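Here the structure is laid out as structure tokens; the discussion comes afterwards.
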Amino acid sequence: PPPEWDWRSKGAVTKVKDQGMCGSCWAFSVTGNVEGQWFLKRGALLSLSEQELLDCDKVDKACLGGLPSNAYSAIKILGGLETEDDYSYRGHLQTCNFSAEKAKVYINDSVELSKNEQKLAAWLAKKGPVSVAINAFGMQFYRHGISHPLRPLCSPWLIDHAVLLVGFGNRSAVPFWAIKNSWGTDWGEEGYYYLHRGSGACGVNTMASSAVVN
Amino acid sequence: APNKPRAAGAQAWELASPELLGPARFALEIYNRGRAAGARAALKAVSGRVRRAGQGSLYSLKATLVEPPCNDPTVCQLPVSKETLLCSFEVLDELGKHMLLRRDCGPVDTKITGAGQPRGAGMAQIRLHSGFNLDSSLFQPNPDDRNDTFSSFLPLLNKDPLPQDFSVKMTSIFKDFVTAYNRTYETEEEARWRMSVFASNMVRAQKIQALDRGTAQYGVTKFSDLTEEEFRTIYLNPLLKEEPGQKMPLAKSISDL
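Protein chains in written order, with the working numbering: chain V, 394 to 607; chain R, 137 to 393.
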């Protein structure tokens, strides 16, 4: 991979969103990934609807949680994603109100990515932002800087949060992943979280995935 | 702590040292925030002490500020001549990041009791215009605190077994949190409960900080009045570790492509 990469400076990342008091991080992680894939394949950056996934992805559990792999599958079955404007976020489960005519974006498939962080960085730099799941240890009080908790405290076996890798690099020789979170811009570094790269910190490499747009 | 032996009965204040000027200037900057250039108070003298904990330092400062004369009727109803203020500031410095935890200012009668003390003694008993002595003002909630939304909470603190300065300091930080994140609590009980959650979360954040091997800073965030359980339940997604999810094909690595 190149020494550093940041999809935010290349226009592939929408603004930081806020899931509110709802465990819908999985939906934000997936829409962030699909927004990036669509941008890279079609050149248009569209802010996509998480509420559609909350309401219409019957495999996942809306505010009680979900899995990116199920969400990709739901998007394929539904026939695509509407935009945030057309199907805006409410932060709680509603009746499914999806309309295929309004869908602006579709996906063809989804893939699991390598657990090797070097390969993951190379893939990200070439193919776009990546949906990942991590152990959110310490994030309740995270303010800024590169987080690198002790492994036993941030076990890769206790994954409980889904986010989006948008880039990577080094800050004073400390390697990091730049992570887009969905807790609003008044958390972390304007909504972003920086996690140590190369040590499997907090399980960041265990559930990396992406949609495929042909 | 003052490096001169404490004089019996008097609060020995260390004379201003270069180390105090940094936090003092920070406090003055906050004090002057929003003021036009000609209307800013100037720092005349500062003394105080510093306490170190973990990677931070807590400065308790006594600063004498001089307010410029005011003749602009849009700013002050009546012309005011130059005024001297005595302020007590608490500045938390964590790895070069300053935080103003407390600010108490009041006009001062500049008679310094024990006048004639040699300047070098660094000892002074300065009485605030409002008559109570400096030390108690450092730990009394700022009088105008009582007028703000938080007043229902302050009396509760006296019932706590917490030591006085801890609870007052924590009140100040919690008050800033409530203001910064626009928190409102239904009842005094709720406010009391949230304050205790906040205080224990401050301790948790410090432990996480101490155990982090990166460059991250942990501290007060918008989630600081939530218990760990509440935070997990509301914002996190335990399904991720519980369910395998749909099988997806493994992407070709870039080199393969």
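Glycine residues also receive a C-beta, built at the ideal position from the N, C-alpha and C atoms.
For clarity, every value in this text was computed on a predicted model and none was experimentally measured.
- Ranking Tyr586(V), Gly413(V), Asp553(V), Thr476(V) by CA distance to the CA of Ser492(V) puts Thr476(V) first.
- In chain order, Ala405, Leu438 place their CB closer than 6 Å to the CB of Phe432(V), counting only its own chain and leaving out the 5 sequence neighbours on each side.
- It is roughly 11 Å from the alpha-carbon of Asp478(V) to the alpha-carbon of Lys497(V).
- Just measuring C-alpha positions, the residue of Ala529(V), Pro396(V), Ser602(V) sitting nearest Tyr371(R) is Ala529(V).
- Relative to the Cα of Phe367(R), the nearest Cα in the group Glu428(V), Asp553(V), Pro568(V) belongs to Asp553(V).
- The contact set of Cys418(V) on chain R, defined by CB atoms closer than 8 Å, consists of Tyr371, Leu372, Asn373 in chain order.
- For the region 418 to 478 of chain V, not one full-length beta strand (DSSP E) segment reaches 3 residues or more.
- Per DSSP, Phe561(V) is not a residue of any alpha helix (DSSP H); the beta strand (DSSP E) it occupies stretches across 554 to 564.
- At least one CB of chain R lies nearer than 8 Å to the CB of Tyr535(V).
- For Arg590(V), not one C-beta of chain R is nearer than 8 Å to its own C-beta.
- Non-local C-beta neighbours of Ala526(V) in its own chain, meaning closer than 6 Å and more than five positions away in sequence, comprise Ile552, Ala555, Met600, ordered along the chain.
- CA-to-CA, the gap between Leu362(R) and Arg330(R) works out to about 7 Å.
- Nearest C-alpha to Tyr167(R) among Thr200(R), Arg188(R), Ile309(R), Leu194(R): Thr200(R).
- Contact note: Leu557(V) does not reach chain R at a C-beta cutoff of 7 Å; the least C-beta distance is about 14 Å.
- Exclusion of the five residues before and after Ser602(V) leaves Pro461, Ser462, Ser503, Val504, Glu505, Leu506, Ser524 as the residues of its chain whose Cβ lies within less than 7 Å of its Cβ.
- Ala387(R) sits in coil when the DSSP states are folded into three classes, being neither helix nor strand.
- Leu471(V) is outside the set of residues whose beta carbon lies under 8 Å from a beta carbon in chain R.
- Identification of residues in the region 538 to 557 of chain V having a C-beta nearer than 8 Å to some C-beta of chain R yields Gly538, Ile539, Ser540, His541, Pro542, Leu543, Leu546, Trp550, Leu551, Ile552, Asp553, His554, Ala555, given in sequence order.
- In the structure shown, the three-state DSSP call for Val606(V) is coil.
- Going by DSSP, Lys377(R) is part of no beta strand (DSSP E) but of the alpha helix (DSSP H) stretching over 375 to 378.
- For Ala352(R), the secondary structure class from DSSP, reduced to helix, strand or coil, is coil.
- Proximity to His589(V) across Trp398(V), Ala571(V), Lys454(V) peaks at Ala571(V), based on C-alpha coordinates.
- With 16 or more other Cβ atoms from the protein chains shown falling within 10 Å of its own Cβ, Thr357(R) counts as buried.
- Nearest CB-CB separation between Leu228(R) and chain V: not below the 8 Å threshold.
- Closest option to Leu221(R), judged by alpha-carbon separation, among His234(R), Val182(R), Gln342(R), Leu194(R): Val182(R).
- At a cut-off of 8 Å, the C-beta of Lys403(V) has no neighbouring C-beta in chain R.
- At a beta-carbon threshold of 7 Å, the residues of chain V lying near Phe359(R) are Gln533, ordered along the chain.
- Secondary structure of Asp361(R) (DSSP, three-state): coil.
- At a cut-off of 8 Å between C-beta atoms, Asp579(V) counts as an interface residue with respect to chain R.
- Residues of the region 469 to 495 of chain V that bring their beta carbon within less than 9 Å of a beta carbon in chain R are absent altogether.
- The continuous alpha helix (DSSP H) containing Glu155(R) extends over residues 154 to 168.
- Per DSSP, the beta bridge partners of Tyr585(V) are Lys573(V), Glu582(V).
- Judged by DSSP in its simplified three-state form, Pro243(R) adopts strand.
- Within the region 497 to 518 of chain V, Ser503, Val504, Glu505, Leu506, Ser507, Lys512, Ala515, Trp516 place their CB atoms closer than 7 Å to a CB of chain R, listed in sequence order.
- Secondary structure note for Ala514(V): it is in no beta strand (DSSP E), and the uninterrupted alpha helix (DSSP H) holding it is 510 to 520.
- Under the three-state reduction of DSSP, Glu322(R) is assigned to coil, being neither helix nor strand.
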